[in-house]
Amino acid sequence: MVEAMCQTSILIDRIVLRHIRMRLREEFRTSFGTTTWRDIIIVEMHSENFIGYGESATNSFPGYSYETYETVLLILKKFLIPRVLGKRFNSPHEFRELLEFVRGHPMAKASLEYAFWDLYAKLLGKPLYELYGGTKAKVPVGVSIGIMDKISQLIDVIQYYLDEGYSRIKLKIAPNHDLDVLSKVRDVFPDINLQVDANAAYDLFKHETVLLKLDDFDLTMIEQPLHYFDLVDHAILKSKLRTPLCLDESISSYHIAKAAIKLGSCDIVNIKPPRVGGIRESLNIYRLCVENGIGTWIGGMLETGIGKAHLLHIAALPDIAYPSDISASSRYWKEDIIDPPHKLNPDGTIDVPKRPGIGVDVDLDILLKYQIRSWEFKSHF
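To convert, count from 1 in the sequence shown and add 1185; that's our numbering.
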């Protein structure tokens, strides 16, 4: 157990929050909106001469989640940071327990827990994946492609990422942007590893005929077709589909994951650590899925290299069964805030960093280039 590894307690003596704003290389369109700019909160957690890094994964508007970067700032500054600053912790579990007094706000909690895990691993001199039980030196990854108006453009983009070496293509779909698109894509790419993601855009009563026709396209999975609260209709739909059904937004916690599995609502779970509240909850969901024969993969949320590094260490777990949404740094950013940036290998994988903690350095010059404002919190002890 990781709790037994640490021989001394960790005193959190300083925390810095940095609000950065970065422009995506290209806009990213889903069924709930288009993203061009990313407002991101970077968490720096200091103890002795070590710094742990975390990152919020929120949007600027409450579309995918009710959280935004502004709510993350509020919850961190007013509630979570005062709870942990100046205190000593013997383990990540002990740290995470102290955040439970706040109901909800998983992405705020995750950003802080990320930083603690990174700090903890650096103090132990170990890469994070070792603490999680990870075994993979590199992880298979796929690329997610947003909604595009022109099929010809979509075909060109798919070909570009296949040439880059990505081992799986995921297409965003929505009502009236589904069957025709997939038909034309499959005409050009009959054999690629292809899945679709609806981001909860469909209704079973209105769209059942369309959803069942998705079986015709030899998809690896159909991700989150129905409302994120609707486990019952997902179970009904799953019983009628041949294609595996994956849940994303629906899986907001370990308890919801357990309910989804008991109801028969999914074959696969997309584990997004920020969405479920951080590392501990992600590991618990992973173990639950493995025990119940449910497939897993790690989802991304347009993170910088800090967030991607955290995801890579979790994706190194031995029973992550499908390519994860952890693309190279160059997929979204002209320049990332880490050194070295994450790079795609020719075999469609990304290396898991081997150095202690998240295993990559933060480039402070680039970070400050994109910084809008910052806040520093010091312990009085």
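Note that beta-carbon positions come from the ideal geometry of N, C-alpha and C, so glycine has one too.
For clarity, every value in this text was computed on a predicted model and none was experimentally measured.
Residue range of the beta strand (DSSP E) that residue i falls in?
{"i": "Lys1563", "result": "Gln1556 to Lys1563"}
{"i": "Asp1521", "result": "From DSSP, Asp1521 is part of no beta strand (DSSP E); its letter is neither H nor E."}
{"i": "Ser1329", "result": "Val1328 to Ile1330"}
{"i": "His1204", "result": "Arg1199 to Thr1215"}
{"i": "Lys1357", "result": "Ile1354 to Lys1357"}
Considering only residues of the same chain and omitting the five flanking positions on each side of residue i, which have a CB-CB separation below 6 Å?
{"i": "Ser1194", "result": "Arg1273 and Asn1275"}
{"i": "Arg1353", "result": "Gly1327, Asn1378 and Pro1508"}
{"i": "Gly1449", "result": "Ala1420"}
{"i": "Cys1474", "result": "Val1454 and Thr1481"}
{"i": "Pro1503", "result": "Thr1320"}
Which residues in the same chain as residue i place their Cβ atom closer than 7 Å to its Cβ, once the five residues preceding and following it in sequence are excluded?
{"i": "Lys1586", "result": "Here the chain has residues from 1186 to 1566 only, and residue 1586 is not among them."}
{"i": "Thr1534", "result": "Lys1323, Val1324, Pro1325 and Val1326"}
{"i": "Asp1548", "result": "Ile1522, Ile1523 and Asp1524"}
{"i": "Met1486", "result": "Ala1242, Lys1457 and Pro1459"}
{"i": "Pro1360", "result": "Ala1386, Tyr1387 and His1392"}
{"i": "Lys1307", "result": "Phe1235, Gly1237, Pro1541 and Gly1542"}
{"i": "Met1190", "result": "Note that Met1190 scores 49 on pLDDT, short of 50, meaning its location in the model is unreliable and no value can be drawn from it."}
{"i": "Ala1519", "result": "The residue you asked about is not Ala; residue 1519 is Lys in the sequence shown. Answer for Lys1519: Arg1210, listed in chain order."}
{"i": "Glu1349", "result": "Leu1529"}
{"i": "His1565", "result": "Gly1271"}
Considering residue i, what are the terminal residues of the alpha helix (DSSP H) in which it resides?
{"i": "Val1370", "result": "Leu1364 to Val1373"}
{"i": "Leu1313", "result": "Leu1313 to Tyr1317"}
{"i": "Arg1465", "result": "Ile1464 to Glu1476"}
{"i": "His1440", "result": "Tyr1439 to Leu1448"}
{"i": "Leu1339", "result": "Ile1336 to Glu1349"}
{"i": "His1419", "result": "Leu1416 to Lys1425"}
{"i": "Lys1570", "result": "The chain is shown from 1186 up to 1566; residue 1570 falls before or after that span and cannot be answered."}
Let me make sure I understand the geometry here. Which of the options has the alpha-carbon closest to that of residue i?
{"i": "Asp1363", "options": "Leu1399, Lys1391 and Asp1341", "result": "Leu1399"}
{"i": "Glu1298", "options": "Asp1510, Ala1242 and Asp1334", "result": "Ala1242"}
{"i": "Gln1409", "options": "Asn1455, Glu1393 and Asp1376", "result": "Asn1455"}
{"i": "Met1404", "options": "Asp1388, Arg1427, Phe1390 and Ala1420", "result": "Before going on, a small fix: residue 1404 reads as Leu here, not Met. The option with the nearest alpha carbon to Leu1404 is Arg1427."}
{"i": "Asp1334", "options": "Ile1453, Leu1356 and Asp1418", "result": "Leu1356"}
{"i": "Asn1384", "options": "Arg1214, Arg1206 and Tyr1254", "result": "Arg1214"}
{"i": "Lys1447", "options": "Gly1463, Gly1462, Glu1476 and Glu1520", "result": "Glu1476"}
{"i": "Gly1271", "options": "Ser1232, Gly1484, Phe1414 and Ile1479", "result": "Ser1232"}
{"i": "Asp1536", "options": "Ser1512, Ser1559, Ile1551 and Asp1550", "result": "Ser1512"}
{"i": "Pro1312", "options": "Ser1515, Ser1337, Phe1562 and Ile1499", "result": "Ile1499"}
{"i": "Pro1526", "options": "Phe1562, Ile1197, Trp1560 and Glu1488", "result": "Glu1488"}
{"i": "Tyr1413", "options": "Tyr1251, Ile1340, Leu1284 and Leu1196", "result": "Tyr1251"}
In its own chain, which residues sit with a C-beta less than 8 Å from the C-beta of residue i, not counting the 5 before and 5 after it?
{"i": "Met1186", "result": "With a pLDDT of only 41 at Met1186, under the threshold of 50, the placement of this residue in the model should not be trusted; the figure read from the coordinates follows. Within the same chain, Met1186 has no close Cβ partners at all."}
{"i": "Val1342", "result": "Ile1330 and Met1333"}
{"i": "Asn1469", "result": "Tyr1439"}
Taking Cβ positions only, does residue i come closer than 8 Å to chain B?
{"i": "Met1230", "result": "In summary, chain B is missing from the structure at hand, where a single protein chain is found."}
Self-check item: contact_flag[the stretch 1538–1555, the stretch 1222–1239] where n(CB pairs < 8 Å) is 3 or more
Solution: With a cut-off of 8 Å, the stretch 1222–1239 and the stretch 1538–1555 count as touching, because enough Cβ pairs lie within range.
Quiz item: Is there contact between the stretch 1254–1270 and the stretch 1312–1332, where contact requires at least three CB pairs shorter than 8 Å?
Solution: Short answer: they don't touch.
Quiz item: Okay, do the stretch 1434–1452 and the stretch 1488–1500 touch, 3+ Cβ pairs below 8 Å being the bar?
Solution: Taking 8 Å as the limit for Cβ pairs, the verdict is that the stretch 1488–1500 does not touch the stretch 1434–1452.
Practice problem: Counting only runs of 4+ residues fully inside the stretch 1233–1269, write out the alpha helix (DSSP H) ranges in chain order. | Solution: Within the stretch 1233–1269, the complete alpha helix (DSSP H) runs of at least 4 residues fall at 1254–1260 and 1266–1269.
Quiz prompt | the stretch 1296–1315 touching the stretch 1537–1550, judged by at least three CB pairs closer than 8 Å | solution = Yes, the stretch 1296–1315 is in contact with the stretch 1537–1550.
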